[in-house]
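**Student:** Counted the way this note's numbering counts, the sequence shown spans residues 1 to 119.
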Amino acid sequence: MAPAWHDRGVPIILLLLLLAVVASIAVVAAGRGSSLADVDPDRSPRGTLPEGPADRAAVDGLRFTVAFRGYRMDEVDGVLDRLVGEIEARDARIAELGSSPAQAESSSAQAESSPEQEA
Numbered sequence: 001m002a003p004a005w006h007d008r009g010v011p012i013i014l015l016l017l018l019l020a021v022v023a024s025i026a027v028v029a030a031g032r033g034s035s036l037a038d039v040d041p042d043r044s045p046r047g048t049l050p051e052g053p054a055d056r057a058a059v060d061g062l063r064f065t066v067a068f069r070g071y072r073m074d075e076v077d078g079v080l081d082r083l084v085g086e087i088e089a090r091d092a093r094i095a096e097l098g099s100s101p102a103q104a105e106s107s108s109a110q111a112e113s114s115p116e117q118e119a
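1) Between A119 and S99, what straight-line distance do the alpha-carbon atoms span, to the nearest angstrom?
2) Between the C-alpha atoms of G9 and F68, what's the straight-line distance to the nearest angstrom?
3) Taking only beta-carbon atoms, is V79 less than 8 Å away from chain D?
4) Rounded C-beta distance between A54 and L83? I'm assuming under 8 Å.
5) Within the same chain, show all residues whose beta-carbon is closer than 7 Å to that of E86, passing over the 5 residues directly before and after it, in chain order.
6) Taking just the CA atoms, how far does L62 sit from G78?
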């Protein structure tokens, strides 16, 4: 008895169809097909300092986003960097204000001693 006309070609067609399905799944999984939109990271709105100078109430109101092993490092690092900058600016201003009266006293002392040296 002669084989049916479709017996030889059907397995090849099914194999090609299976390969096409596997390839399309691989393309979608690799991100080359249409995919979901990027999701914004889940962040606490109170994880950053407000604009302007940081005061105690702003620092007390901070609430960082909890991550797998603690808090999100980028949030904490950003706040700490900003606080360090503000503390350094305040220290410089305090040093400037602290040295101004001393400079005024030394310059007035020099002015008082200058007439004595001329005489």
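Heads up, the beta-carbon is just placed ideally off N, CA and C, and yes, glycines get one too.
Please read these numbers as outputs of a predicted model, since none were measured by experiment.
**Tutor:** The structure says:
1) Residue confidence is low: A119 scores 46 on pLDDT, short of 50, so the model does not pin down where it sits. Its coordinate-derived value is still stated next. Roughly 31 Å separates the two Cα atoms.
2) 54 Å
3) Considering every chain present, this structure includes no chain D. It has just one protein chain.
4) 6 Å
5) P53 and A54
6) 12 Å
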